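Asker: So the protein lines, in turn, are chains X and P. Taking the numbering used here, the leading residue of the first sequence gets 264, the next gets one more, and so forth. Taking the numbering used here, the leading residue of the second sequence gets 264, the next gets one more, and so forth. Even for Gly, the Cβ is constructed at its ideal location relative to N, Cα and C. None of these values were measured; they are calculated from a predicted model. Here it is, the structure, as structure tokens.
2 protein chains.
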Amino acid sequence: MGSFDHLGVDGHLLRLFVTVYEEGSVSAAARRLDMAQSAVSHALNRLRRLVGDPLFVKSGRRIVATQHAERLVPQARLLMDGLKALTAGDGFDPAQARLSWTVAANDFQRDLLLPRFYTRAAAQLADLRLQVIPSGRPTSEMLREARCDLLISPAPPEGLDIIQKRLFDDRYVCVFDGARRVAPTSAAAFLAGRHVTVVHPSADPLNFDKALEGLGIHRDVVVTVANFSGLAPFLRGTDLVACVPSRLHGLELREFQAAPLPADLLAAAPPGTDTLRMYMAWHLRGQHDPAQAWLRGQLEAVAREMGDDA
Amino acid sequence: MGSFDHLGVDGHLLRLFVTVYEEGSVSAAARRLDMAQSAVSHALNRLRRLVGDPLFVKSGRRIVATQHAERLVPQARLLMDGLKALTAGDGFDPAQARLSWTVAANDFQRDLLLPRFYTRAAAQLADLRLQVIPSGRPTSEMLREARCDLLISPAPPEGLDIIQKRLFDDRYVCVFDGARRVAPTSAAAFLAGRHVTVVHPSADPLNFDKALEGLGIHRDVVVTVANFSGLAPFLRGTDLVACVPSRLHGLELREFQAAPLPADLLAAAPPGTDTLRMYMAWHLRGQHDPAQAWLRGQLEAVAREMGDDA
DNA sequence: TATAATCCATCGATACGATTCATGGATAAG
DNA sequence: CTTATCCATGAATCGTATCGATGGATTATA
Numbered sequence: 264m265g266s267f268d269h270l271g272v273d274g275h276l277l278r279l280f281v282t283v284y285e286e287g288s289v290s291a292a293a294r295r296l297d298m299a300q301s302a303v304s305h306a307l308n309r310l311r312r313l314v315g316d317p318l319f320v321k322s323g324r325r326i327v328a329t330q331h332a333e334r335l336v337p338q339a340r341l342l343m344d345g346l347k348a349l350t351a352g353d354g355f356d357p358a359q360a361r362l363s364w365t366v367a368a369n370d371f372q373r374d375l376l377l378p379r380f381y382t383r384a385a386a387q388l389a390d391l392r393l394q395v396i397p398s399g400r401p402t403s404e405m406l407r408e409a410r411c412d413l414l415i416s417p418a419p420p421e422g423l424d425i426i427q428k429r430l431f432d433d434r435y436v437c438v439f440d441g442a443r444r445v446a447p448t449s450a451a452a453f454l455a456g457r458h459v460t461v462v463h464p465s466a467d468p469l470n471f472d473k474a475l476e477g478l479g480i481h482r483d484v485v486v487t488v489a490n491f492s493g494l495a496p497f498l499r500g501t502d503l504v505a506c507v508p509s510r511l512h513g514l515e516l517r518e519f520q521a522a523p524l525p526a527d528l529l530a531a532a533p534p535g536t537d538t539l540r541m542y543m544a545w546h547l548r549g550q551h552d553p554a555q556a557w558l559r560g561q562l563e564a565v566a567r568e569m570g571d572d573a
Numbered sequence: 264m265g266s267f268d269h270l271g272v273d274g275h276l277l278r279l280f281v282t283v284y285e286e287g288s289v290s291a292a293a294r295r296l297d298m299a300q301s302a303v304s305h306a307l308n309r310l311r312r313l314v315g316d317p318l319f320v321k322s323g324r325r326i327v328a329t330q331h332a333e334r335l336v337p338q339a340r341l342l343m344d345g346l347k348a349l350t351a352g353d354g355f356d357p358a359q360a361r362l363s364w365t366v367a368a369n370d371f372q373r374d375l376l377l378p379r380f381y382t383r384a385a386a387q388l389a390d391l392r393l394q395v396i397p398s399g400r401p402t403s404e405m406l407r408e409a410r411c412d413l414l415i416s417p418a419p420p421e422g423l424d425i426i427q428k429r430l431f432d433d434r435y436v437c438v439f440d441g442a443r444r445v446a447p448t449s450a451a452a453f454l455a456g457r458h459v460t461v462v463h464p465s466a467d468p469l470n471f472d473k474a475l476e477g478l479g480i481h482r483d484v485v486v487t488v489a490n491f492s493g494l495a496p497f498l499r500g501t502d503l504v505a506c507v508p509s510r511l512h513g514l515e516l517r518e519f520q521a522a523p524l525p526a527d528l529l530a531a532a533p534p535g536t537d538t539l540r541m542y543m544a545w546h547l548r549g550q551h552d553p554a555q556a557w558l559r560g561q562l563e564a565v566a567r568e569m570g571d572d573a
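Printed below as a string of structure tokens:
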């Protein structure tokens with residue numbers, strides 16, 4: 264049964280298929296592809312034979328995509344990108360490349376990685392435009408619809424067309440104003456204090472906060488801010504405590520004191536509670552693009568340079 | 264430059280290219296493809312035009328692949344698999360499917376996941392043959408050369424053509440014979456004891472052992488065994504201590520006592536030291552195969568069922 | 001309801017391209 | 001030097017993708 268001659272499919276056919284899908288019309292696709300309408304119709308029939316599915320069925324004088332066609336569209340786009348990667352024209356030469364890259368990242372990972380990434384990458388490239396957009400709660404759609412090329416997040420989206428790779432591990436520490444209080448060394452002391460944490464309205468809470476929640480441990484969170492940069496003013500001159508990735512302590516929170524989380528608090532918590540693992544994620548589409556692969560490599564190198572320790 | 268008509272490439276051309284590469288000969292490829300030799304030669308020329316690279320150059324009366332051709336071969340194989348995924352014949356029906364799956368996994372992950380996976384998956388399938396092979400130090404070649412379909416490991420290989428996904432997190436605990444000693448509650452007590460650990464000759468040491476090593480902490484390891492199943496005889500009736508993933512305590516080491524790692528030991532260690540994160544990894548080739556995707560989904564479900572806690 | 005407009009499928013003609021057979025130049029082996 | 005084998009090329013053939021034109025079907029408009 265499977266014996267449809269799938270090997271007969273070529274890039275032109277894929278492009279035609281995707282165009283028909285996007286236009287929702289054979290005639291419109293023909294116009295966009297600068298072909299005769301009948302040619303598109305015939306080509307579509309050929310593709311129907313090759314994949315063994317009607318792909319589009321008539322409904323009135325329009326056509327609607329079958330379920331199978333819906334499934335095929337992203338796959339077809341993927342294959343077209345793969346075909347492009349076959350050409351020899353892709354000899355990627357950093358020294359002559361003028362690249363534009365859009366990265367979605369929230370405050371912590373942005374400030375930690377991207378400045379160093381930029382200086383490193385830009386030094387080797389003819390030109391680099393780096394667009395950083397807020398990721399919010401990162402979704403696979405951002406990558407699928409090419410709203411960004413890469414996404415940096417501790418909770419990257421999953422999906423069969425999404426690839427993710429670990430960048431670095433960090434550990435949560437308590438940060439506080441050393442002039443106003445001392446480090447909480449036990450769970451009791453920790454829970455007795457007043458806390459400030461980061462809860463972005465459109466993103467997931469920190470895995471640390473979620474883990475405590477899951478344990479039924481409720482600390483006294485008196486202030487929540489939308490991002491890490493908002494913590495400092497609340498810590499300064501107060502006895503508030505924040506639990507943040509330790510690397511942040513080397514950035515915006517340099518002026519404060521840091522201490523490890525109370526050991527007895529962690530003993531009860533699930534593994535990885537005190538660890539924040541940062542990933543980068545991208546779409547399969549960009550997998551074989553040598554320029555993007557190079558950029559990802561640079562970012563990875565920056566993360567590696569920092570080492571896994573705080 | 265980029266203006267080679269890469270869309271003109273079709274599956275037949277890719278297959279021809281790969282065949283010529285594998286045979287190292289135009290004539291031999293023609294025989295295997297059941298075509299005339301000149302047809303292959305012409306087709307090869309067509310492909311040369313389309314991708315803008317000689318692909319094979321004459322050397323004596325043989326031909327040798329160019330660098331670019333070498334790079335293209337895996338990509339071509341990938342695209343052929345992608346094309347196969349276009350056909351409608353792939354409506355995957357578990358109830359009628361007779362599958363054969365080869366998984367590379369070492370002892371811990373094998374015993375923990377695969378029995379439950381097998382019963383779960385086999386119950387839904389017409390037939391399932393599960394081959395489990397030892398992974399040793401897992402390499403991307405095992406996946407590339409299709410020696411296995413999936414690999415389960417805490418240290419999955421990396422590569423642009425390898426996809427990995429987290430299965431579950433576990434935490435290291437101390438395991439010992441409760442009749443002979445008590446739990447080490449401090450780093451000092453921990454280091455005063457005698458230890459047994461797992462070091463497989465052809466695999467990486469455990470991340471826990473590596474982390475301690477990295478800190479310059481040398482505990483007194485008096486016995487090493489090649490896999491987890493070898494631990495029990497050495498623990499039984501002795502004062503030896505082993506640090507193993509806590510889930511193992513529920514399997515082979517049920518008879519022993521378990522205790523968390525000393526907190527002060529972990530405080531100095533890098534984040535994630537006490538966490539073992541288990542991944543599955545597979546080759547891009549199997550990404551769009553619905554049967555394999557289904558099997559991976561089942562395995563994931565089993566891992567999820569166990570929850571992230573021990 | 002009749003008419004016009006638009007859509008997609010089909011038909012015959014045409015041009016392009018893929019394959020075949022036959023041949024030639026090059027290399028290596030006998 | 002001869003022979004066998006390899007790959008490339010040329011001419012001829014066959015298949016097929018495209019075109020323009022046409023027809024059947026559906027929807028919008030008067």
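Beta carbon of P/LEU276, beta carbon of P/LEU310: below 9 angstroms?
Answerer: Against a cut-off of 9 angstroms, the Cβ pair of P/LEU310 and P/LEU276 comes out as a contact.
Asker: What are the complete beta strand (DSSP E) segments, minimum 3 residues, inside the region 502–567 of chain X?
Answerer: 504–508, 520–523, 538–546
Asker: Within the 9 angstroms Cβ cut-off, does X/PRO523 reach chain P?
Answerer: yes
Asker: Measure the CB-CB distance between P/MET569 and P/GLN372 and report whether it falls below 9 angstroms.
Answerer: Cβ distance not < 9 angstroms, so P/MET569 and P/GLN372 don't count as in contact.
Asker: Assign X/LEU413 to one of two classes, buried (16 or more other C-beta atoms within 10 Å of its C-beta) or exposed (fewer than that).
Answerer: buried
Asker: Cα separation between X/GLN427 and X/LEU406?
Answerer: When rounded, the distance between both Cα atoms is 12 angstroms.
Asker: Of all the alpha helix (DSSP H) runs that stay within the bounds of the region 360–434 of chain X, which reach a length of 4 or more residues?
Answerer: 370–387, 403–407
Asker: Between X/PHE355 and X/ASP432, what straight-line distance do the alpha-carbon atoms span, to the nearest angstrom?
Answerer: 31 angstroms
Asker: Between the region 269–286 of chain X and chain P, which residues of the former have CB atoms less than 7 angstroms from a CB of the latter, in chain order?
Answerer: HIS269, LEU270, GLY271, VAL272, ASP273, GLY274, HIS275, ARG278
Asker: Just list the residues that DSSP pairs P/HIS481 with in beta bridges.
Answerer: According to DSSP, which records beta bridges pairwise, P/HIS481 is partnered with nothing at all.
Asker: Could you check whether the region 418–427 of chain P touches the region 522–534 of chain P, counting it as contact only if at least three pairs of C-beta atoms, one from each stretch, sit closer than 8 angstroms?
Answerer: no
Asker: Would you mind stating whether X/LEU307 and X/VAL272 have Cβ atoms separated by less than 9 angstroms?
Answerer: no
Asker: Restricting to Cα atoms, I'd like to know which of X/ALA418, X/GLY549, X/ASP297, X/GLU286 is closest to X/ARG325.
Answerer: A check of alpha carbon separations from X/ARG325 across X/ALA418, X/GLY549, X/ASP297, X/GLU286 identifies X/GLU286 as the nearest.
Asker: Using a 10 Å radius around the Cβ and a threshold of 16 neighbouring Cβ atoms, would you call X/THR350 buried or exposed?
Answerer: Buried, by the Cβ-count rule.
Asker: For the alpha helix (DSSP H) holding X/ALA455, just list the boundary residues, first then last.
Answerer: 450–455
Asker: Would the beta-carbon of X/CYS437 fall within 9 angstroms of that of X/ALA367?
Answerer: no
Asker: Determine the closest residue to P/THR365 out of P/LEU335, P/HIS305, P/GLU408, P/GLN338, with distance taken between C-alpha atoms.
Answerer: P/GLU408
Asker: P/THR382: buried (16+ other C-beta within 10 angstroms of its C-beta) or exposed?
Answerer: exposed
Asker: If I measure Cβ to Cβ from P/PRO420 and keep anything under 6 angstroms in the same chain, skipping five residues before and after, which residues do I get?
Answerer: PRO401, THR402, SER403
Asker: Going straight from the alpha carbon of P/ALA521 to that of P/LEU376, what length do you get?
Answerer: Each residue's Cα considered, the two are about 21 angstroms apart.
Asker: So what does P/VAL459 bridge to, in DSSP terms?
Answerer: P/VAL486
Asker: Take P/THR538 as the anchor and find which of X/ASP374, X/ARG434, X/VAL336, X/GLY315 has the nearest alpha-carbon.
Answerer: X/ARG434
Asker: By DSSP, does P/ASP273 sit in helix, in strand, or in coil?
Answerer: In this structure, P/ASP273 counts as strand in the three-state DSSP scheme.
Asker: Going along the region 395–429 of chain P in order, which residues come within less than 7 angstroms of chain X, judged by CB to CB distance?
Answerer: Flagged, chain order: LEU423, ILE426.
Asker: Quick check: the Cα distance between X/LEU335 and P/SER363, rounded to an integer number of angstroms?
Answerer: 26 angstroms
Asker: When the distance is taken between beta carbons, is X/CYS506 closer than 9 angstroms to X/LEU478?
Answerer: no
Asker: What does X/ARG434 touch in chain P if you count any residue whose Cβ is under 9 angstroms from its own?
Answerer: PRO533, PRO534, GLY535
Asker: Determine the chain P residues that contact X/THR538 at a beta-carbon separation under 8 angstroms, and present them in chain order.
Answerer: Within chain P, the residues near X/THR538 are PRO534, GLY535, THR538.
Asker: Would you tell me roughly how many angstroms separate the C-alpha atoms of P/ALA384 and P/ASP370, rounded to the nearest one?
Answerer: 20 angstroms
Asker: Determine which residues of the region 312–343 of chain X have a Cβ less than 8 angstroms from any Cβ of chain P, and write them out in chain order.
Answerer: LEU313, VAL314, GLY315, ASP316, HIS331, LEU335, GLN338, ALA339, LEU341, LEU342, MET343
Asker: How would you list, in chain order, the residues of chain X whose beta-carbon sits under 9 angstroms from the beta-carbon of P/GLN550?
Answerer: LEU423, ASP424, LEU547
Asker: How is the beta strand (DSSP E) around P/VAL249 delimited, first residue to last?
Answerer: Because chain P spans 264 through 573 in this model, residue 249 of chain P falls outside it and cannot be assessed.
Asker: Identify each residue in the region 552–563 of chain P for which the Cβ-Cβ distance to at least one residue of chain X is less than 8 angstroms, and report them in chain order.
Answerer: Residues are counted here when their Cβ sits less than 8 angstroms from a Cβ of chain X; for the region 552–563 of chain P these are ALA556, given in chain order.
Asker: P/PRO417: buried (16+ other C-beta within 10 angstroms of its C-beta) or exposed?
Answerer: buried
Asker: Can you give me the Cβ contacts of X/ALA489 inside the same chain, cut-off strictly under 8 angstroms, excluding the 5 residues immediately before and after it?
Answerer: Result list for X/ALA489: VAL461, VAL462, HIS463, PRO464, in chain order.
Asker: Which residues share a DSSP beta bridge with P/VAL438?
Answerer: Paired residues: P/ALA505, P/ALA521.
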